[in-house]
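Contents: one structure, followed by commentary.
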Amino acid sequence: MYCPQCYDEFRAGFLTCPDCEVALLHGTPGKRVTYTPAEAENRLREAPVAILGTLPQGPALQLRDNLLNSGVDCVLTREGGDCGPSGCAPASFHLLVRSDQVDVLKQQLNARAEAYAQAHGMQSQADAPNCPCCGYNLTANDDECPDCGIAIV
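According to our numbering, the sequence shown is numbered sequentially starting from 2.
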């Protein structure tokens with residue numbers, strides 16, 4: 002059984018894809034549609050786009066490739082730049098997708114992150130304490146916020 006949207010495969014007993022929330026199909030998925038970054042950029046020229054997220058280069062490239070392999074059109078744009086002794090590099094990248102896909106993709110990515118955290122015994126973002134001043138994600142051992150320095154009582 003497989004999901005007709007993301008092409009993930011499931012064993013018997015599953016009826017819907019937990020990420021896409023669509024009914025699974027019997028059999029094996031056909032050839033997956035994958036896009037190159039240039040093909041996705043050409044398709045996005047005519048569509049309204051929005052920022053899905055802003056990430057450092059490594060995670061941005063990995064997420065872009067995962068989305069392209071899932072058949073989602075997306076493109077990376079640079080945000081700012083940073084020149085240092087080792088050369089110039091962009092500070093971060095914006096991941097652009099069709100504006101009508103942003104909410105669905107954010108829900109899917111958050112669901113996967115929560116499932117990963119639960120599967121590996123990690124604290125989920127929803128349960129993590131935040132700094133009351135700046136909103137920084139704190140750990141249980143923090144006496145003060147590493148970001149703004151406020152004392153945590």
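The beta-carbon is built from N, C-alpha and C at its ideal position, and this holds for glycine as well.
Of the residues the options, which one's Cα is nearest the Cα of residue i?
{"i": "F94", "options": "A39, P60, P19 and D74", "result": "P60"}
{"i": "A114", "options": "Q6, C7 and D20", "result": "D20"}
Can you look up residue i in the DSSP assignment and give me helix, strand or coil?
{"i": "V154", "result": "coil"}
{"i": "V105", "result": "helix"}
{"i": "Y137", "result": "coil"}
{"i": "L16", "result": "coil"}
{"i": "S71", "result": "coil"}
{"i": "N111", "result": "helix"}
{"i": "Y8", "result": "coil"}
{"i": "A116", "result": "helix"}
Below 8 Å CB to CB, which residues in the same chain sit around residue i once its five sequence neighbours on both sides are set aside?
{"i": "M2", "result": "E10, F11, R12, A13, F15, L25, L26, H27 and G28"}
{"i": "N131", "result": "Y137, N138 and L139"}
{"i": "E22", "result": "none"}
{"i": "L106", "result": "L53, L68, V73 and V98"}
Can you have a look at residue i and say buried or exposed, based on whether 16 or more other CB atoms are within 10 angstroms of its CB?
{"i": "D74", "result": "buried"}
{"i": "V98", "result": "buried"}
{"i": "Q119", "result": "exposed"}
{"i": "Q109", "result": "buried"}
Between which residues of its own chain and residue i is the CB-CB distance below 7 Å, once the five residues before and five after are set aside?
{"i": "S100", "result": "P49, V50 and A51"}
{"i": "P57", "result": "S93"}
{"i": "C4", "result": "C18, C21, V23 and L25"}
Excluding sequence positions up to five away, which residues of its chain have a Cβ less than 6 Å from the Cβ of residue i?
{"i": "A116", "result": "none"}
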